């Protein structure tokens, strides 16, 4: 495996060393939708010292003792199952729950916190995008990827190449990423107001957790599953 360095994309860093996602999260460096950016440029964009961040990443890798799944080499069927059972299942439970929590907070604190109605609106738009997005992946794209891996000959898909639905999914990931960034901005990095009740705190905690889970979710698709599926399809076509 090529050594990760300043000229390695942030998406590749997390793909090879999943534990580094914590560092990127803390620095607010986008490793999912923006995963193609090289580490050095990503640091400079955030006005960070690339060498210091490189050292921090290497220390994180050296200090890691928990096992991590090797999604770069695991079967694509297994990765699709993992995304559905972990990230999709999380969203299917969390999106309705957060909808109720946000509604309660807006009703109780909307007059004293003018930004809250916008939080509700942006979240509603995010949910309206994510729910059909997951359905398209589960009914169209993931079955195609499973079929692709399990077939010795290139399958014939009604949508042509897997690159077509992948392009749509990546565009929708960008939209979701923008909505999450907007929620972080509106809430001032999820800062808890002095007059916040427990429900208000639960809303901010839920939004922060949603953002982190979505970053992992999109990273696994954009930077691992999708490129591997396209590469596999290309290799099948050459047989």
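In this note's numbering, the protein residues as written are 1399 to 1637. For each residue, glycine too, the CB sits at the ideal point set by N, CA and C. Small disclaimer: the values here were computed from a predicted structure and weren't measured.
Check: Contact belief for residue 1499 with residue 1601 at Cβ below 8 Å, rounded distance in angstroms; Outcome: 5 Å
Check: Identity of the residues DSSP links to residue 1558 by a beta bridge; Outcome: 1555
Check: C-beta atoms of residue 1433 and residue 1620 nearer than 7 Å; Outcome: yes
Check: Bridge-paired residues (DSSP) for residue 1407; Outcome: 1436
Check: Residue 1520, enclosing alpha helix (DSSP H) - first and last residue; Outcome: 1514-1534
Check: Selected residue, minimal CA-CA separation from residue 1507, among 1607, 1597, 1635; Outcome: 1597
Check: Classification of residue 1409 by the beta-carbon crowding that lies within 10 angstroms, buried from 16 upward; Outcome: buried
Check: Candidates 1606, 1562, 1599, of which the one nearest residue 1580 by Cα; Outcome: 1606
Check: Classification of residue 1624 by the beta-carbon crowding that lies within 10 angstroms, buried from 16 upward; Outcome: buried
Check: Helix, strand or coil at residue 1429 [DSSP, three-state]; Outcome: coil
Check: Alpha-carbon spacing of residue 1484 relative to residue 1510, whole angstroms; Outcome: 37 Å
Check: Option in 1574, 1449, 1450 with minimal Cα separation from residue 1520; Outcome: 1574
Check: For residue 1583, the three-state DSSP class (helix, strand or coil); Outcome: helix
Check: Proximity below 7 Å, CB of residue 1478 to CB of residue 1557; Outcome: no
Check: Reference residue 1415, options 1537, 1450, 1468, closest by Cα; Outcome: 1468
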